[in-house]
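Reminder that position 248 of the sequence shown reads as 429 in my numbering, one-by-one numbering, no gaps.
Don't be surprised by glycine CBs; every beta carbon is placed ideally from N, CA and C.
Fair warning: this is a prediction, and the values are worked out from it, not measured in the lab.
Step one of this worksheet: look at the structure below.
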Amino acid sequence: MSGASIELVEVGPRDGLQNEPDIIATEVKRALILRMIGYGARRLEVASFVHPARVPQMADAEAVIAALPDRKDCIYVGLVLNKRGVMRALATREGGRRGVDQVGCVVVASDTFGQRNQGQTIAQGVAETRDMLRFARAEGMRAQVTISAAFGCPFEGEVKHETVLAIAEELAIERPEEIALADTIGVGTPHEAGELFGKLGELLGPAIPMRAHFHNTRGTGIANAWEAYKAGVRIFDAALGGLGGCPFAPRATGNIATEDLVYMMERSGVATGIDLEAAIAANTWFAGELGRELPSAVARAA
């Protein structure tokens, strides 16, 4: 696979931490992000602009972003669930500050989960997100979108491919920078990952890149990522150590681990731009901060 490569989006600072029961200090979050940049992460989801009562771990979003280095080679992403979130993201750039470079919008592919997560049905979520994408673009903010619960819902069970593709087709009208499918509860299988991303690639064509976001709840996350790669995905979310979980999805566990994804891709001839040894060292440091070992299989095996 000479010349093959992927882009890894390090989501540990947001998706990786949002479900942690103990509040992590702002300076520790900054130190974590600096270590991630140190091992080669160049696109990082650093915070979410959500109500602190809903996700207390993200209450210091603006403080974390203000503390980040102004590096031209890094892209900082902030998750937003509504127009107010986009406005908060834009405010981080006021007064000549660096702020966030890109916002990530979310549509849930399930009415029940969407209402619990964002207070919206699918139709409401699509309409709101299309407005957000237009607003962000008009304000000069880059924007992408994730379709969450794309492989299954914790409340409704199966999510049909037709539902996911219909959502993607509507979102594509607004030309987001990319469209991601997220296996929020880690229920997907490699066969389904390859099949659904194959269909999405046919729908989007070359105009809008695909991104994959897998959780490892049932141990299939890395295999799913490989099948998504074979289906044409070249952008993957991952979290250091396999951290993560969703406060609104019962028993959902962490993201696929950065170390595990890097190991699989690099050993398969696909470049990631990530220094695996440095990532394992960052894992060891952060495990010390949390007081427990992190799930990454590669880091444990060293």
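- Quick one: grab the DSSP three-state call for Ile218. helix
- Task: Can you check the stretch 237 to 287 for any alpha helix (DSSP H) of at least 4 residues that lies completely inside it and give the ranges in chain order?
- Result: 242 to 247, 264 to 272
- Is the distance from the Cβ of Ile348 to the Cβ of Ile303 below 8 Å? yes
- Query: So Gly422 packs on Ala468, CB below 8 Å; how close in whole Å?
  - Reply: 7 Å
- Task: Take the Cβ of Pro357 as the centre, count every other Cβ of all protein chains shown within 10 Å, and call the residue buried at 16 or more, exposed below.
- Result: buried
- On the premise that Gly425 lies in contact with Gly435, defined as a C-beta separation below 8 Å, what is that separation, rounded to the nearest angstrom? 4 Å
- Query: Since Thr327 is in the beta strand (DSSP E), which residue starts that stretch and which ends it?
  - Reply: 323 to 329
- Message: Three Cβ pairs or more, each shorter than 8 Å: is that satisfied between the stretch 313 to 320 and the stretch 391 to 404?
- Response: no
- Message: Give me, in chain order, the residues of the same chain whose beta-carbon lies closer than 8 Å to that of Arg305; leave out the 5 immediate sequence neighbours on both sides.
- Response: A small correction: the amino acid at residue 305 is Gln; Arg does not occupy that position in the sequence shown. Taken in chain order, the residues that qualify are Gly295.
- Item | Option nearest Arg495 by Cα separation, candidates Val288, Thr370, Thr465 | In the structure displayed, the chain extends from 182 to 483; residue 495 sits before or after that span and is not available.
- Go ahead and pull the three-state DSSP assignment for Ala480. helix
- Query: Who are the near neighbours of Ala420 in its chain, counting only those whose CB is closer than 8 Å to its CB and skipping five residues on each side?
  - Reply: Glu191, Val192, Gly193, Asp196, Gly197, Gly435, Asn436, Ile437, Ala438, Thr439
- Between the CA atoms of Val245 and Pro499 - distance to the nearest angstrom: For residue 499 there is no data in the structure shown, the boundaries of the chain being 182 and 483.
- Val307 to Leu471 span [Cα, whole Å]: 37 Å
- What span of residues does the beta strand (DSSP E) with Leu225 cover, start to end? 224 to 230
- Item | Among Glu350, Phe336, Pro335, nearest to His342 - alpha-carbon criterion | Glu350
- Three-state secondary structure (DSSP) at Phe332? coil
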